[in-house]
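So for the sequence shown, this note's numbering puts the first residue at 153; every next one is plus one.
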Amino acid sequence: MHDSIQKIISRNLNSIRDKIQQAACKAGRKPNDIRLVAVSKFHPMESIYAAFNDKQLIFGENRIQEAKKKFAPILSEQPDIKLHIIGPIQSNKLLDAVKIADTIETVDRLSILDPLEKAIQKTGRSPTLFIQINTGREPQKAGIFPEDADHFISLCRKRFGSSIQGVMGIPPVHEDPIPHFRKLTNLARKFGLNEISMGMSNDFETAITCGATYVRVGTGIFGTRPLNPKNNSFQ
């Protein structure tokens with residue numbers, strides 16, 4: 153591993169951790185109540201190991217094939233690492249997702265529930281599950297619309313019980329994120345869900361003030377994604 157990569161990622165991680173601590177204290181919260189998901193999509197193994205060397209244990213991946221290729225060998229060596237799937241999952245990839253993920257943050261539609269249940273039964277693994285809420289009702293984004301969230305969360309809790317532990321969302325890019333973060337927090341509290349995954353590199357401090365328990369940071373840790381998503385080999 154190049155020393156420069158290790159130094160850059162360690163410096164970035166320390167900066168993000170400092171900002172998490174400051175935002176938590178400002179909001180009257182305990183910094184340890186907020187966990188950092190290092191979003192490693194499209195970044196090489198070298199960068200993941202650099203983050204791990206700096207005691208980062210939670211990573212996020214969007215694509216199941218990429219997650220399998222990168223994390224199957226890492227998880228066999230480093231069982232303390234936790235992998236979150238943070239992108240939409242095709243039904244035919246759910247078995248692979250359940251096999252490798254500790255947390256699936258994107259339970260986002262009715263059609264995913266049957267294959268998810270079958271994958272859990274087949275593998276004997278039951279990852280932690282978050283409900284993805286499309287707070288901005290954006291057609292290009294995955295997630296349950298807010299007006300359907302009550303019914304969907306209730307249904308998921310009946311089927312998956314205590315595995316349903318949180319909500320996840322991504323506010324519209326060109327809108328104030330605060331109302332969207334508050335909507336997620338209110339939904340989590342309404343249903344007694346402990347985990348709220350919201351906030352990314354540009355707005356995670358705001359998300360913390362609104363109640364985030366997980367923040368997902370990629371560029372702020374690893375820098376610009378090195379591969380073009382349309383051309384990378386993990387699709």
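For glycine and all other residues, C-beta sits at the position ideal for the given N, C-alpha and C.
Classified as exposed, Lys-159 has fewer than 16 neighbouring CB atoms from the shown chains inside 10 Å of its CB. Under the DSSP definition of a beta bridge, Met-320 partners with Gln-284 and Ser-349. For Ala-249, the enclosing alpha helix (DSSP H) begins and ends at 246-252. Here DSSP, grouped into helix, strand and coil, assigns Ala-190 to strand. Per DSSP, the beta-bridge partners of His-236 are Gly-212 and Thr-255. Taking a 10 Å sphere around the C-beta of Pro-279, we find 16 or more other C-beta atoms and assign the residue as buried.
For Arg-368, there is no enclosing alpha helix (DSSP H); the enclosing beta strand (DSSP E) has its first and last residue at 366-369.
Counting C-beta pairs with one atom in each stretch, the stretch 170-179 and the stretch 350-367 have three or more that are closer than 8 Å, which means they touch.
In the DSSP annotation of this structure, the continuous segment of the alpha helix (DSSP H) that includes Pro-331 starts and ends at 329-342. The Cβ atoms of Met-352 and Arg-368 lie closer than 8 Å to each other. Annotation: the continuous alpha helix (DSSP H) that includes Gln-273 extends over 265-275. For Glu-198, the uninterrupted alpha helix (DSSP H) run begins and ends at 197-205, by DSSP. Inter-residue distance for Arg-309 and Leu-345 is about 10 Å (C-alpha atoms, whole angstroms). The alpha-carbon of Lys-251 is positioned some 11 Å away from that of Phe-223. Per DSSP, reduced to three states, the secondary structure at Ile-226 is helical. Counting along the chain, no alpha helix (DSSP H) covers Lys-293, and no H or E run does either.
Per DSSP, Thr-376 lies in no alpha helix (DSSP H) segment and is marked neither H nor E.
Within the model, the alpha-carbon separation for Arg-187 versus Ser-228 is close to 23 Å.
By the C-beta density criterion, Arg-215 is buried, having at least 16 other C-beta atoms within 10 angstroms. Taking 8 Å as the cut-off, the beta carbon of Lys-234 is found closer than this to the beta carbon of Ile-210. Looking only at Ser-199, Leu-246 and Ala-179, the smallest Cα-Cα distance to Gly-372 is reached by Ser-199. In its chain, beyond the 5 residues on either side, no residue has a beta carbon closer than 6 Å to the beta carbon of Pro-291.
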